[in-house]
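Participant:
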Amino acid sequence: MNEAVRIIKEMRESTPTERRRALKPYADKKGIGAIVSAMKEEKEKRMYIRALCDMAAAPAVAEIIKGFVLEDRELFVDLLSGADAKLRKNTVELIGRAAPVEMKEELLDTLVAEETLFVIPSIILSLGNSKSEEVLEFLQSYRYPKAEPKHAEECRSALEKAISALSQDAESVWPRINEKDMLLLNCPSAAVTVRELQALRISSKPMKGLSNCVSATGIANYKEIYEARTFYDASIYYKSAYDTAGAADILRTKEFADFCKRIFGDKLRVRIDVQDFPESEKRTVASWFASKLNRENGFINSPSSYNFLIRIMAAKNEVHVMLTPSSRLDARFSYKVESVPASIHPAAAAAVSYLALPYLKKNAKIADPFCGSGTMLFERAKHGYQSLTGMDISQDALKAARANEKAARTGAHFLIKNAKTPFREQYDEIICNMPFGLRVSSHENNEDLYRQFADNLKTVLKPEGIAMLFTHDKKLMAAVIPDGYKILQRHTFSCGGLNPDLFIITKA
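Okay, so the sequence shown: first residue is 0 according to numbering that gives the first Met the number 0, each after it adds one.
1. Pull up the distance between the alpha-carbon of residue 195 and that of residue 462, whole angstroms please.
2. Nearest to residue 498 by CA position, among 411, 376, 347, 88, is which residue?
3. Determine the extent of the beta strand (DSSP E) in which residue 499 is found, giving its start and end residues.
4. Using a 10 Å radius around the Cβ and a threshold of 16 neighbouring Cβ atoms, would you call residue 79 buried or exposed?
5. What are the boundary residues of the alpha helix (DSSP H) that includes residue 181?
6. For a test of the three-state rule: what should DSSP assign to residue 431, helix, strand or coil?
7. Pull up the distance between the alpha-carbon of residue 460 and that of residue 429, whole angstroms please.
8. Run through DSSP, which three-state label would residue 147 get?
9. Tell me, please, which residues DSSP counts as bridged to residue 385.
10. For residue 496, which option in 506, 343, 349, 295 has the closest C-alpha, if you only look at C-alpha atoms?
11. Is it buried or exposed, residue 128, if we count other Cβ atoms within 10 angstroms and call 16 or more buried?
12. From the DSSP output, read off the bridge partner residues of residue 342.
13. Give the straight-line distance between the Cα atoms of residue 551 and residue 120, rounded to the nearest whole angstrom.
14. With C-beta atoms as the reference, is residue 219 less than 8 angstroms away from residue 202?
15. For residue 98, does the three-state DSSP call read helix, strand or coil?
16. Could you check the C-alpha separation between residue 137 and residue 29 for me, to the nearest Å?
17. Provide the residue span of the alpha helix (DSSP H) that contains residue 69, from first to last.
18. Using 8 angstroms as the cut-off, can you tell me whether the region 320-327 makes contact with the region 286-300, which would need three or more C-beta pairs spanning the two stretches below that distance?
19. When the Cβ atoms of the region 84-94 are set against those of the region 43-57, are three or more pairs found closer than 8 angstroms?
20. Alpha carbon to alpha carbon, how far is residue 124 from residue 210? Give it in angstroms, no decimals.
21. Check the DSSP bridge columns for residue 318 and list the partner residues they point to.
22. Kindly indicate which three-state DSSP category residue 235 falls into: helix, strand or coil?
23. Measuring alpha carbon to alpha carbon, tell me which of 353, 361, 489 ends up nearest residue 186.
24. Would you check if there are 3 or more beta carbon pairs closer than 8 angstroms linking the region 243-259 to the region 313-321?
25. Chain B beta carbons: is any one of them nearer than 8 angstroms to that of residue 467?
26. Are the beta-carbon atoms belonging to residue 351 and residue 467 less than 8 angstroms from one another?
27. Name the residue from 431, 386, 42, 34 whose alpha carbon lies nearest to the alpha carbon of residue 412.
28. Rounding to the nearest angstrom, what Cα-Cα distance links residue 6 and residue 25 in this structure?
29. Once you ignore the five residues that flank residue 39 on each side, which residues in its own chain have a CB closer than 8 angstroms to its CB?
30. Considering only residues of the same chain and omitting the five flanking positions on each side of residue 141, which have a CB-CB separation below 6 angstroms?
31. Please list, in chain order, all residues of the same chain as residue 301 whose beta carbon is under 6 angstroms from its beta carbon, the five residues on each side excluded.
32. Among 312, 422, 400, 132, which residue has its Cα nearest to the Cα of residue 378?
33. On the CB-based measure, 16 or more other CB atoms within 10 Å of its CB, does residue 109 come out buried or exposed?
34. Closer than 8 angstroms is the cut-off here; do at least three beta carbon pairs connect the region 390-409 with the region 450-459?
35. Alpha helix (DSSP H) containing residue 197: first to last residue?
36. Looking at C-alpha atoms only, which residue of 312, 336, 104, 261 is the closest neighbour of residue 281?
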């Protein structure tokens, strides 16, 4: 018996993730061919289709599976009309992942013929991947059979998602705000953002009950907020409720619809975005809120193509409702055309440089020995410099950094370098996002790296130079600071669910 086939038989009760992981070594033409052959020969086909569907979650594997589906097209068409409803559902999902463009006609025929309500949403979602204007027109006029509330909601939600996926990109609309509207900024550090906004003469303060959020008022033109760089995004605050049910009630009201129309006009194609809910529940919670939108007020739930986000943010004692414009309007970090794993967000890099502003020199020679895609250097460049040098041990990182430099045009140059080895030149400033040992490397590897790099600081830094070291491996960083050096400042940030610290050090 083929090994992939054996795994499928033994793991038929396992989760899709477990099966996908076990079948990964066989996710090639030979392994998939063996699975398809076994499915043809055996009466029980559901478990094979389910396994192929799980494997097709990876685009590269879906492309391989597509070849087999199209080669045995008649076999899969027969499965679409078979007596086993669950098999029909799994086959539809497989085609939707592997060959939705090539088999859109078969999927349309299946939708017209299907009478089992729990299968219909899967067909609709698969058609949403077809990239077809014809399918879009069909779905816009399609009416699913009458059903009990649960199945009706599943069909309605699937239709919205499919139509959204097939629609052309919705227009990104600039918010029309007035000075009475309050903006809520999500930040790496509320203290740093307040400081920056005040320097721009924008009234602001930390938002009570929401960590690392800042409220800003008195802004008549939304574009003004993008003069600041130290925040992730900015939403227009509407109202708060005591719980999720109360927040859902807000979405149903005409007053909320009128507020949205004042801000965005008649462009009400929206996506629900939930924050500070448990990660495992976010998708379910977002779907639940989407079901509470009052369509009679003009809202269209369109997760793939939307004018703006309706953001629901959970706090300790309240749930906040706000509107967030499309991120495509934010051109602050347009130089970021390439990225690498564990890259720092540009807003966090901007906050690092802004916090260190009192210690920076406009004619400084600056180096980043862990430059990654160059973000720390590009944000430091906003405050004046003599030269920028990025170093990394990874050729892929340097390739990304050079691509970003073409857009940033700072004059930074990049070279391959192991931060554990001695440096040939001295610099006024060292700025870097140190390996955290979480997404990249490990704490054990960091111990040797941090100690050797810290020892190199004694020679790479000029006598009055400063080092800005950003890391989540805080205890290790504090332990390896060289003798004769002092911490000028230490500050905690909020970045992607982590709370790294910035250490600013200099010679004592």
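For every residue, glycine included, the Cβ atom is placed at its ideal position computed from N, Cα and C.
Facilitator: On the basis of the supplied data:
1. One-based indexing of the sequence shown puts residue 195 at position 196. One-based indexing of the sequence shown puts residue 462 at position 463. Looking at the two C-alpha atoms, the distance is approximately 30 angstroms.
2. Your numbering for residue 498 matches position 499 in the sequence shown. Considering only alpha carbons, the answer is 347.
3. Walking along the sequence shown from the start, residue 499 turns up at place 500. Looking at the DSSP string, residue 499 is not in any beta strand (DSSP E), and its letter there is neither H nor E.
4. Counted from its first residue, the sequence shown places residue 79 at position 80. Per the 10 Å Cβ criterion, buried.
5. Sequence index remark: in the sequence shown, residue 181 carries index 182 (1-based). Premise fails: residue 181 is in no alpha helix (DSSP H) and is neither H nor E.
6. The residue you call residue 431 lines up with position 432 of the sequence shown. Residue 431: strand per DSSP, three-state reduction.
7. Here residue 460 refers to the residue found at position 461 when the sequence shown is read from its first residue. Here residue 429 refers to the residue found at position 430 when the sequence shown is read from its first residue. For residue 460 and residue 429, the distance between alpha carbons rounds to 7 angstroms.
8. Here residue 147 corresponds to residue number 148 of the sequence shown, with the count starting at 1. Coil, per DSSP.
9. For the purposes of this step, residue 385 is taken as residue 386 along the sequence shown, with counting starting at 1. According to DSSP, which records beta bridges pairwise, residue 385 is partnered with nothing at all.
10. Counting from 1 along the sequence shown, the entry for residue 496 is found at position 497. Considering only alpha carbons, the answer is 343.
11. As a position in the sequence shown, residue 128 is number 129, starting the count at 1. Under this definition residue 128 is a buried residue.
12. For the purposes of this step, residue 342 is identified with residue 343 of the sequence shown, where counting begins at 1. According to DSSP, which records beta bridges pairwise, residue 342 is partnered with nothing at all.
13. Nothing about residue 551 can be read from this structure; the chain reaches only from 0 to 507.
14. If you number the sequence shown from 1, residue 219 lands on position 220. If you number the sequence shown from 1, residue 202 lands on position 203. For residue 219 and residue 202, no; Cβs fall outside 8 angstroms.
15. For this step, residue 98 is matched to residue 99 along the sequence shown. Reduced to three states, the DSSP call for residue 98 is coil.
16. Numbered from 1 along the sequence shown, position 138 holds the residue referred to as residue 137. Numbered from 1 along the sequence shown, position 30 holds the residue referred to as residue 29. Cα to Cα, residue 137 sits roughly 38 angstroms from residue 29.
17. To locate residue 69, count along the sequence shown from 1; it is residue 70. It spans 58-70 - the alpha helix (DSSP H) in which residue 69 sits, taken as one unbroken run.
18. no
19. yes
20. The residue labelled residue 210 in the question sits at position 211 within the sequence shown. The residue labelled residue 124 in the question sits at position 125 within the sequence shown. Taking the straight line joining both Cα atoms gives about 37 angstroms.
21. Against the sequence shown, residue 318 aligns to sequence position 319. Paired residue(s): 240, 313.
22. Stepping through the sequence shown from its first residue, residue 235 is reached at position 236. In this structure, residue 235 counts as strand in the three-state DSSP scheme.
23. Mapped onto the sequence shown, residue 186 falls at position 187. Among 353, 361, 489, the Cα nearest to that of residue 186 is on 353.
24. yes
25. This model lacks chain B altogether; it includes just one protein chain.
26. Translated into positions along the sequence shown, residue 351 becomes position 352. Translated into positions along the sequence shown, residue 467 becomes position 468. Result yes, Cβ atoms of residue 351 and residue 467 sit closer than 8 angstroms.
27. Position 413 of the sequence shown, counted from the first residue, corresponds to residue 412. For the residues 431, 386, 42, 34, the minimum Cα distance to residue 412 belongs to 386.
28. Within the sequence shown, the letter at position 7 stands for residue 6. Within the sequence shown, the letter at position 26 stands for residue 25. Those two C-alpha atoms are separated by around 10 angstroms.
29. On the sequence shown, residue 39 is found 40 positions in, with the first residue counted as 1. The residues are 71, 74.
30. One-based indexing of the sequence shown puts residue 141 at position 142. Correct list: empty, nothing qualifies.
31. Against the sequence shown, residue 301 aligns to sequence position 302. Counting only Cβ-Cβ distances below 6 angstroms, and skipping sequence neighbours, we find 163, 268.
32. Position 379 of the sequence shown holds residue 378. Among 312, 422, 400, 132, the Cα nearest to that of residue 378 is on 400.
33. On the sequence shown, residue 109 is found 110 positions in, with the first residue counted as 1. It counts as buried.
34. no
35. Numbered from its first residue, the sequence shown carries residue 197 at position 198. Residues 189-198.
36. Translated into positions along the sequence shown, residue 281 becomes position 282. For the residues 312, 336, 104, 261, the minimum Cα distance to residue 281 belongs to 312.
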